[in-house]
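Please read the structure below before turning to the comments.
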Amino acid sequence: MTITRNSIYTAPFLQEMMETAANLYRLGWAERNGGNISYLLHEYEVLPYVDVDYVIRTVPMNFDASDLAGKYFIVTGSGKYFKNVEKNPVRNLGIIRIAEDGKSYEILWGFEDGGVATSELPTHLMNHMQRLSVDKNHRVIMHCHATNLIAMTFTHSLMEEDFTKTLWEMCTECIVVFPEGVGVVPWITPGTNEIGKATAERMKDVRIVLWPHHGVFGAGTTIDETFGLIETAEKAAEVYTIVCAQGGKKQTITDKQLQDLADAWHVVPRKGILKL
Ligand code: 2HA
Ligand code: ZN
Numbered sequence: 003m004t005i006t007r008n009s010i011y012t013a014p015f016l017q018e019m020m021e022t023a024a025n026l027y028r029l030g031w032a033e034r035n036g037g038n039i040s041y042l043l044h045e046y047e048v049l050p051y052v053d054v055d056y057v058i059r060t061v062p063m064n065f066d067a068s069d070l071a072g073k074y075f076i077v078t079g080s081g082k083y084f085k086n087v088e089k090n091p092v093r094n095l096g097i098i099r100i101a102e103d104g105k106s107y108e109i110l111w112g113f114e115d116g117g118v119a120t121s122e123l124p125t126h127l128m129n130h131m132q133r134l135s136v137d138k139n140h141r142v143i144m145h146c147h148a149t150n151l152i153a154m155t156f157t158h159s160l161m162e163e164d165f166t167k168t169l170w171e172m173c174t175e176c177i178v179v180f181p182e183g184v185g186v187v188p189w190i191t192p193g194t195n196e197i198g199k200a201t202a203e204r205m206k207d208v209r210i211v212l213w214p215h216h217g218v219f220g221a222g223t224t225i226d227e228t229f230g231l232i233e234t235a236e237k238a239a240e241v242y243t244i245v246c247a248q249g250g251k252k253q254t255i256t257d258k259q260l261q262d263l264a265d266a267w268h269v270v271p272r273k274g275i276l277k278l
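Mapping of the sequence shown onto my numbering: position 75 corresponds to residue 77, and the numbering continues sequentially without gaps.
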């Protein structure tokens, strides 16, 4: 029996990945091979487009992702450029399924030139495991090199409370968008299990984690929400850059006003930041 499948180029999740890679590139947050995205897909989303019984290649992993066994992701490729995703998705993206033992993944579509999933796969999968344990609707991990956030990691205190407070102050909506604040890990070599573990540890409490002098990781339930989260934090960092360039703050949003905002939006700001 021949099964007729829809063209994968009509799949909403593929369109979202293509658009997002293009947007991150145009914003200047994904130069060269910078940035990576992984998006958890339900099997029923994949089935209309891909024969999931046909494994193109199996790729070993040197960490345990057994909590994600059988789960499907569309991911950006290692060494691939976001600039090129839109014009050649089948080379720059792949659909993978985590194998039953959690020690390898199966490529079901994409990575056509022999490519593999992002070099930051340990951090992505460890973050997915962590976020799913606290939020059953979690689906997206996104990494990029957001310019002003990176710059701030050179000039600003890296204490999470200090960093969060400055971002909240720079744009009125920040405290509403990320009331739990931002996480910061130490500088650790990218691509390693070590940075994955450190990032996932912070992802218990927050959805934004900064990698000093490198970039930012965001987590969310949809591509739009995750992109919006990174965009909001980066906008605040950009305002901070300009405020510093203009000679520094003369006035600001007060702690009382930040609390009023949180109350108005029914969010609970991270403890230990507002001094009321
Ligand atoms: O994929 O951004 O952190 C390239 C990177 C590594
Ligand atoms: Zn990076």
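We put the CB at the ideal spot given by N, CA and C, even for glycine.
Keep in mind the model is a prediction, meaning the values are calculated, not measured.
(message) By the DSSP assignment, the alpha helix (DSSP H) with L123 in it spans what residues?
(response) 123-136
(message) At the level of alpha carbons, what is the spacing between K273 and P181?
(response) 10 Å
(message) Measuring only the C-alpha atoms, how far is A202 from F75?
(response) 18 Å
(message) Measuring CB atoms only, is the stretch 129-149 touching the stretch 205-220, in the sense that at least three cross pairs come out at less than 8 Å?
(response) yes
(message) Taking 7 Å as the cut-off, is the C-beta of G36 nearer than that to any heavy atom in ligand 1?
(response) yes
(request) Pull up the DSSP beta-bridge partners for E108, would you. (result) T60, R99
(message) Looking at the strands, I want to know which residues DSSP matches up with I76.
(response) Y41, I97
(request) Would you kindly work out how many angstroms separate the C-alpha atoms of N163 and P271, rounded to a whole number? (result) Reading the sequence as shown, one finds Glu at residue 163 and not Asn. Approximately 11 Å, taken between the alpha carbons.
(message) Below 8 Å on the Cβ atoms is my contact criterion, and I expect N129 with M19 to pass it. Report the Cβ-Cβ distance as a whole number of Å.
(response) No, N129 and M19 are not in contact; Cβ-Cβ is about 17 Å, not under 8 Å.
(request) May I ask you to report which of helix, strand or coil DSSP gives W189? (result) coil
(message) Taking 6 Å as the limit between beta carbons, can you name the residues of its chain near A67, skipping five residues before and five after?
(response) I100, G104, L127
(request) Quick one: measure Cβ to Cβ for P62 and S106, integer angstroms, because I've assumed they're closer than 8 Å. (result) 5 Å
(message) On a Cα-Cα basis, can you pick out the residue from I58, V211, E175 that is closest to Q261?
(response) E175
(message) By DSSP's criteria, W213 is part of a beta bridge. Which residues make up the other side?
(response) G217
(request) Could you tell me the boundaries of the beta strand (DSSP E) in which C176 lies? (result) Element bounds for C176: not the beta strand (DSSP E) but the alpha helix (DSSP H), 176-179.
(message) Less than 8 Å between the beta carbons of S80 and V118, yes or no?
(response) yes
(message) Using a Cβ-based criterion (distance less than 7 Å to any ligand heavy atom), does H44 qualify as near ligand 2?
(response) no
(request) Rounded to whole angstroms, what's the CA-CA distance from V52 to K73? Just pull it up for me. (result) 14 Å
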